[in-house]
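Number of protein chains: 2
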Amino acid sequence: MTERGLLIVLSGPSGVGKGTVRKAIFDNYNNDFDYSVSMTTRKQREGEVDGVDYYFRTKEQFEHLIREDGLLEYAEYVGNYYGTPLEYVNKTLDEGRDVFLEIEVQGALKVREKMPEGIFVFLSPPDLEELNSRIVNRGTDTHEMIEKRMTKAVEELKLIQYYDYVVENDTVNNAARKIRNIIESEHLKVTRNLKEFAEIIEEME
Amino acid sequence: MTERGLLIVLSGPSGVGKGTVRKAIFDNYNNDFDYSVSMTTRKQREGEVDGVDYYFRTKEQFEHLIREDGLLEYAEYVGNYYGTPLEYVNKTLDEGRDVFLEIEVQGALKVREKMPEGIFVFLSPPDLEELNSRIVNRGTDTHEMIEKRMTKAVEELKLIQYYDYVVENDTVNNAARKIRNIIESEHLKVTRNLKEFAEIIEEME
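First to last, the sequence lines map onto chains A and B.
Mapped onto full-length UniProt numbering, the consecutive letters of the first sequence carry residue numbers 1 to 205.
Mapped onto full-length UniProt numbering, the consecutive letters of the second sequence carry residue numbers 1 to 205.
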């Protein structure tokens with residue numbers, strides 16, 4: 001039997017740069033894990049590709065999937081749904097491959113309830129000013145939405161205690177490298193290698 | 001108050017290459033941690049430096065330190081004592097600096113009893129043939145000692161369950177890099193960063 005893959009969950013406050021760090025991890029490295037594309041009802045931004053950045057769906061389509069129990073987690077956030085299609089995640093983990101999720105904090109907590117064996121990484125802003133300017137400079141949101149996001153960010157920071165690791169997004173490459181190291185190190189945990197070692201010992205005796 | 005440093009314990013079967021990997025970690029990287037030099041009564045090998053590779057001491061000197069309770073752990077191994085001077089370890093951890101130990105398996109288990117919060121890394125041989133040839137090619141030991149070491153190695157492999165991580169010594173640089181990553185990742189654990197984040201949240205509110 002193949003050992004089940006690792007579920008890796010990257011999350012953090014809105015505007016902290018989760019998407020950029022996730023892209024760096026997938027662009028800069030040959031990874032042994034697959035990225036699970038989230039589903040959302042929010043407006044597609046310029047440059048975003050359906051099925052790559054997100055699955056962009058209508059509210060009706062999304063709510064249909066909720067009723068069918070087809071989501072690992074979903075959340076309503078600033079008036080839009082975000083969620084993780086369940087089927088792909090389970091199938092990939094069962095095949096022994098790791099799955100990488102990049103999701104909002106609300107969703108991460110729900111995944112933690114269902115799959116506590118996952119590795120939960122919180123991407124944190126270097127400081128408040130930095131977070132604020134990142135949100136403002138995104139340039140596609142109204143002032144009211146920015147206020148909303150800031151309050152949300154403080155609430156989200158308080159959730160850090162439910163994560164396994166915290167990585168400061170000081171530079172994108174640094175954060176990406178650290179997250180890669182965390183995943184590699186998690187695979188070196190004895191609890192994940194006992195079977196293999198039982199075989200080696202048998203061979204030696 | 002400074003947060004206490006991490007105790008990192010590198011161990012593994014005799015002849016697996018612990019010393020070489022430890023040297024690579026200290027030669028190839030700028031580390032934030034200090035190496036705790038072990039004390040031994042075994043014969044100094046060619047090229048080994050007192051106070052760098054080991055503190056080479058007589059049996060009488062070593063037993064004096066045992067009576068004084070001055071060792072974090074010690075073990076008798078193939079007729080010789082090996083041990084870790086306690087004072088240096090505690091002082092360094094209290095200053096908030098990490099301490100790196102490279103010790104025999106017997107000793108590592110004793111350290112685990114006293115300091116379960118340490119990070120215990122087991123360096124494993126890629127396979128039996130490889131381990132065998134490394135022990136034989138060391139060239140300074142008798143046939144009887146080699147047999148003794150092999151039996152010991154199997155016993156030691158069985159102790160892997162008491163460790164946190166297992167790193168295969170496929171190549172020295174690979175193993176050194178992985179151990180570096182483990183140490184860095186351990187520092188990113190949320191449990192070790194909650195204080196810092198309480199401050200950030202306070203700042204934001």
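Heads up, the beta-carbon is just placed ideally off N, CA and C, and yes, glycines get one too.
C-beta atoms of residue i and residue j nearer than 7 Å
i             : j             : result
residue 9/A   : residue 108/A : yes
residue 84/A  : residue 65/A  : no
residue 120/B : residue 163/B : yes
residue 5/B   : residue 112/B : no
residue 34/A  : residue 89/A  : no
residue 60/B  : residue 110/B : no
residue 7/B   : residue 115/B : yes
residue 104/A : residue 75/A  : yes
residue 185/A : residue 185/B : yes
Amino acids of chain B, ordered along the chain, whose beta-carbon sits closer than 8 Å to that of residue i
i             : result
residue 101/A : Here the premise fails: no neighbours, minimum Cβ distance about 18 Å.
residue 165/A : 185, 188, 189, 190
residue 197/A : 124, 157, 160, 166
residue 178/A : 184, 185, 188
Spatial neighbours of residue i in its chain, beta-carbon cut-off 7 Å, leaving aside the 5 residues before and after
i             : result
residue 166/B : 122, 124, 160
residue 86/A  : 70, 71, 72
residue 79/B  : none
residue 26/A  : 35
Pairwise C-alpha distance: residue j and residue i
i             : j             : result
residue 175/A : residue 181/A : 10 Å
residue 200/A : residue 148/B : 19 Å
residue 18/A  : residue 36/B  : 39 Å
residue 3/B   : residue 187/B : 11 Å
residue 51/A  : residue 57/A  : 10 Å
residue 106/B : residue 156/B : 8 Å
residue 94/A  : residue 21/B  : 35 Å
residue 43/B  : residue 170/B : 28 Å
residue 67/A  : residue 77/A  : 19 Å
residue 190/B : residue 118/A : 15 Å
residue 192/A : residue 142/A : 47 Å
residue 240/A : residue 158/B : Residue 240/A cannot be examined here, being either before or after the span of chain A that is shown, 1 to 205.
residue 150/B : residue 154/A : 57 Å
residue 183/A : residue 183/B : 13 Å
Exposure of residue i, with buried meaning 16 or more beta-carbon neighbours within 10 Å
i             : result
residue 1/B   : Residue placement at residue 1/B is poorly supported in this model, since its pLDDT is 46, which falls under 50; the coordinates still yield a value, given next. The residue is exposed, with fewer than 16 neighbouring Cβ atoms inside 10 Å.
residue 144/B : exposed
residue 152/B : buried
residue 16/B  : buried
residue 45/A  : exposed
residue 12/A  : buried
residue 28/A  : exposed
Neighbourhood of residue i by C-beta, 6 Å cutoff - its chain only, sequence neighbours within 5 removed
i             : result
residue 202/B : none
residue 62/A  : 41, 81
residue 54/B  : 38, 40
residue 92/A  : 34, 99
residue 178/A : 167
Beta-carbon neighbours of residue i, restricted to chain A and to distances below 7 Å
i             : result
residue 182/B : 185, 188
residue 193/B : 166
Per-residue contacts from residue i into chain B (C-beta, under 7 Å)
i             : result
residue 109/A : Those do not exist, as residue 109/A stays about 14 Å from chain B at its closest Cβ, beyond 7 Å.
Neighbourhood of residue i by C-beta distance below 8 Å, restricted to the same chain and skipping five residues each side
i             : result
residue 24/B  : 172, 173, 175, 176
residue 126/B : 168, 169, 170
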